[in-house]
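>
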Amino acid sequence: MVYVIDREGEIYTIEEQVTIGRSRENDIVIKNVYTSRKHALIYKKDEGYFVKDMGSKYGTFVNGEKVMEKELKEGDRIRIGTEVLLFSSKPLRIEKDEKPITDALNILHTIPSDPVIDEIKELLGRGVKNFRKLENEKWKYQLLYEISRMSMDSSEDEVVKLVLRRMIEKLNAEFGVILLVDENLGMRFLTSIEREGNPVAERVSRTIATEVFHSGEPVLIEDAMSDKKWSVIDSVKDLKLRSVLCVPLKHENRVVGAIYLENRKLAGLFTEKELSLVDSITGEISNLIMESRRITYMKQMHRSIISSLREKYDFSQIIGSSPSLMEVLEKTGRVIASDCPVLITGESGTGKELIARAIHYNSKRAPFPFVAVNCAAIPENLIEGELFGYRKGSFTGAVRDYPGKIKEASKGTIFLDEISELPLHLQGKLLRVLQFGEITPIGGSAEKVDVRFIAATNTNLKELVDTNRFRRDLYYRINVVEIELPPLRERKEDIPHLVKHFIKKYSEQYGKRCKRISKASLVALMNYDFPGNIRELENIIERGVLFSDGEVVHLPDFEDFHGSTLKEVSAHIQKKSRKSDPRRAFIIQTLEENKWNISASAKALGISRRHLYRLMKQMEIKKGEE
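Everything in the sequence shown is counted per this note's numbering, starting at 641 for the first residue and increasing by one.
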């Protein structure tokens, strides 16, 4: 027979098994939104007891670890939703006060002794001892329960201060401190408080603490000032120590710190009983401190990752300064503060997902997930389950619950790329999510969801609406704000900046020394229309960096350069307006840099003198022009 204790101190007896859940049919009923109707089972197996999750939605946790099935040990904390149950092999239902027993003993001591009275005295005396033992057990489990409730949302400092306060109250200590071992086996103070709960100066006997750190064994001193071993220690004399108790905190058989308690007025305050009491909970306290530190570290890592993502997708990282791009960024900046749906349109390769990520990571939703889904990449028979999720057993192959991409993006952003490919029969289901904030998994019931929608397409959705291939109501719902990305051929002034960015990126990635592109190659790039847009330009530069050995990237060295040879450049130039052509300005700039020296300029451009003369004639370039 074992027991579990809830937050109200209610004790439940377990003989063979108990069921736990939200339904009244369970032995232990826990009513909160994070508890499933049939959540978990605690049952006896062989000589032990086990907890088993019954397919709950939010999971079952033992000492902070999510489990499906686990053997329980003394003092384990079982978290079901927001409720925490303590597992114990000992009953803790005891009287609130031992006074009636001691009063009876005092009365019996006034009665003349006889065998019956003596037997009653012995029984009552044993009762007082057992009562005090049970009181210690009750105190221990109440403390562990308080800690378990705090540790889910509280800081490490709050947890350890609670421990110290309860220790000082129970043991009548004047002062307490929790020490941690640093990397060099020194010590640092995690927290320290006096009996009234106020923080105090960090003054302890480092000699005592160091011995505990090195030996891994507790130190109990009844009267340090008269103890032969300790009375000669300077720190003991300086602090005028009397009662001292220092117990190691261990994690995975390694000393990670110590609980240090003292009283400088009273000697003999701490005995083996107090040592045993403190020692009985050090394992749990060590685990909680380490868990709290792990959670703190994970939170710091999460903040660091979000910060780096904000920096990566900051608008300053979007390359270019063309008027069309500036218009896009201005419009994007306006939608960040709101949660309105956004439709990003533009040709393939123009950076639609980059803009979507910039919106997310610069908004209040940045700490939460950004989930990207390409609607065109998922087979039609699978896309409903992929987006909306499904319940175990809802169809052949559904061996477990799956939340779906929209649910995974909870509190964050769902990015639906190629939304034009979403089947018509699912468009109505998506519309309901946008209108009512509800998703309905396959085989499940409606659930609330908080998520921002950003959609993207490279097709004309209005035409699809007019031909009944896309729902009109969904179109208007997702098209609250439309951001149209210009193709690269309409923002060619950004090409030099993009080239510089990609050269730096791939030089670092491949360990190259590339710093710039040859002028001849840049001329070719400036003249190319890039049907694949920025993605195609990036691919060309990556390939160029990969095969370059020096500081300059030469693209015309490749046979397959999308037809952009200098010969074709010249032919193309003839078809364009000479005065407004950016290549003309580029050649003039090169000539000026070389003081109009034809040979030097031709070399810089990577062409012959004759070729340069021909280009100058075609473009009507004369010395002294700007």
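Don't be surprised by glycine CBs; every beta carbon is placed ideally from N, CA and C. This structure is a prediction, so every number in the text was calculated from the model and none was measured.
If you draw a straight line from the alpha carbon of Ala998 to that of Glu711, how long is it in whole angstroms?
C-alpha separation (whole angstroms): 47 Å.
> State the DSSP-derived secondary structure class of Asp1090, mapped to helix, strand or coil.
Three-state DSSP puts Asp1090 in coil, outside helix and strand.
> Going straight from the alpha carbon of Thr700 to that of Pro1007, what length do you get?
Taking the straight line joining both Cα atoms gives about 25 Å.
> Taking the straight line between their C-alpha atoms, what separation do you get for Val852 and Leu819?
Near 11 Å, if we compare the C-alpha coordinates of Leu819 and Val852.
> For Leu885, which residues of its own chain have a beta-carbon under 7 Å away from its beta-carbon, when the five flanking residues on both sides are left out?
Correct list, in chain order: Leu860, Leu901, Phe910, Glu914, Leu915 and Val918.
> Using the DSSP secondary-structure output, state which residues sit across from Phe592 in a beta bridge.
Absent from the structure is residue 592, since the part of the chain shown begins at 641 and ends at 1266.
> Does DSSP put Pro1019 in a helix, in a strand, or in coil?
Coil at Pro1019, not helix or strand.
> On a CA-only basis, which of Gly816, Asn812, Lys810 and Leu811 is nearest Val800? Give me that one, please.
Val800 has its Cα closest to that of Gly816, out of Gly816, Asn812, Lys810 and Leu811.
> To the nearest angstrom, how far is the alpha carbon of Ile1046 from that of Leu1027?
Their backbone Cα atoms lie some 6 Å apart in a straight line.
> Quick check on Ala1096: does DSSP put it in helix, strand or coil?
If DSSP states are grouped into helix, strand and coil, Ala1096 belongs with the strands.
> Taking 6 Å as the limit between beta carbons, can you name the residues of its chain near Gly1203, skipping five residues before and five after?
Bear in mind that a pLDDT of 44 at Gly1203, under 50, signals an unreliable position, so the model cannot answer this.
> Let's see if you can read the secondary structure: which residues bound the alpha helix (DSSP H) around Gln1067?
Residues Leu1064 to Phe1076.
> Figure out for me which residue from Pro1063, Arg1111, Ala1012 and Ala1016 has the closest Cα to the Cα of Ala1049.
That would be Ala1012, whose Cα lies nearest to the Cα of Ala1049.
> Give every residue of the same chain whose Cβ lies closer than 7 Å to the Cβ of Gly1264, excluding the five residues on either side of it in the sequence, and list them in chain order.
Closer than 7 Å at the Cβ level, and outside the excluded window around Gly1264, lies no residue.
> Could you tell me which residues DSSP puts in a beta bridge with Arg717?
Partner(s): Leu726.
> On the CB-based measure, 16 or more other CB atoms within 10 Å of its CB, does Arg1249 come out buried or exposed?
Under this definition Arg1249 is an exposed residue.
> Consult DSSP for His679 and reduce its assignment to one of helix, strand or coil.
Of the three classes helix, strand and coil, the one that applies to His679 here is coil, per DSSP.
> Give me, in chain order, the residues of the same chain whose beta-carbon lies closer than 6 Å to that of Leu1128; leave out the 5 immediate sequence neighbours on both sides.
Excluding residues within five positions, the ones whose Cβ falls inside 6 Å are Phe1170, Asn1173 and Ile1174.
> Considering only their Cβ atoms, is the gap separating Asp1134 from Leu965 smaller than 8 Å?
Cβ atoms of Leu965 and Asp1134: closer than 8 Å.
> May I have the straight-line CA-CA distance separating Met694 from Glu931, to the nearest angstrom?
So the two alpha carbons sit approximately 26 Å from each other.
> Using only alpha-carbon positions, find the residue among Gly1077, Glu714, Val844 and Glu912 that is nearest to Leu811.
Ranking the options by Cα distance to Leu811, first place goes to Glu912.
> Tell me which residue opens and which closes the beta strand (DSSP E) that Val642 is part of.
Here the beta strand (DSSP E) through Val642 covers Val642 to Ile645.
> Should Thr1107 go down as buried or exposed, given a rule of 16 or more other Cβ atoms within 10 Å for buried?
Thr1107 comes out exposed.
> What do you get for Leu1101, buried or exposed, if any count of 16 or more other CB atoms within 10 angstroms of its CB means buried?
Burial call: buried.
> In whole angstroms, what is the alpha-carbon distance linking Gly1025 and Pro1019?
Taking the straight line joining both Cα atoms gives about 11 Å.
> Using the beta-carbon count (16 or more within 10 Å), is Asp1200 buried or exposed?
Model confidence at Asp1200 stands at a pLDDT of 42, short of 50, so the residue's coordinates are unreliable and nothing is read from them.
> Distance, Cα to Cα, Glu1232 vs Glu1260?
Distance between the alpha carbons of Glu1232 and Glu1260 is about 15 Å.
> Would DSSP call Phe853 helix, strand or coil?
Helix at Phe853.
> If you run the structure through DSSP and keep just helix, strand and coil, what is Phe690?
In the structure shown, Phe690 sits in a strand (DSSP, three-state: E or B).
> In this structure, what does DSSP give as the bridge partners for Phe1010?
Looking at the DSSP assignment, Phe1010 forms a beta bridge with Thr1053.
> Let me check one thing: in DSSP terms, what residues is Ile861 bridge-paired to?
DSSP lists Val884 as partners of Ile861.
> From this set, Tyr674, Gln657 and Gly989, which residue's C-alpha is nearest Asn666's C-alpha?
Among Tyr674, Gln657 and Gly989, the Cα nearest to that of Asn666 belongs to Gln657.
> What would DSSP say about Ser832, mapped onto helix, strand or coil?
Note: Ser832 maps to strand in three-state DSSP.
> Indicate the three-state DSSP secondary structure (helix, strand or coil) for Lys671 in the structure shown.
Here Lys671 sits in coil by DSSP.
> Assign His891 to one of three DSSP states: helix, strand, or coil.
Reduced to three states, the DSSP call for His891 is strand.
> Where does Lys905 sit, in a helix, a strand or coil, going by DSSP?
The answer is coil: DSSP assigns Lys905 none of H, G, I, E or B.
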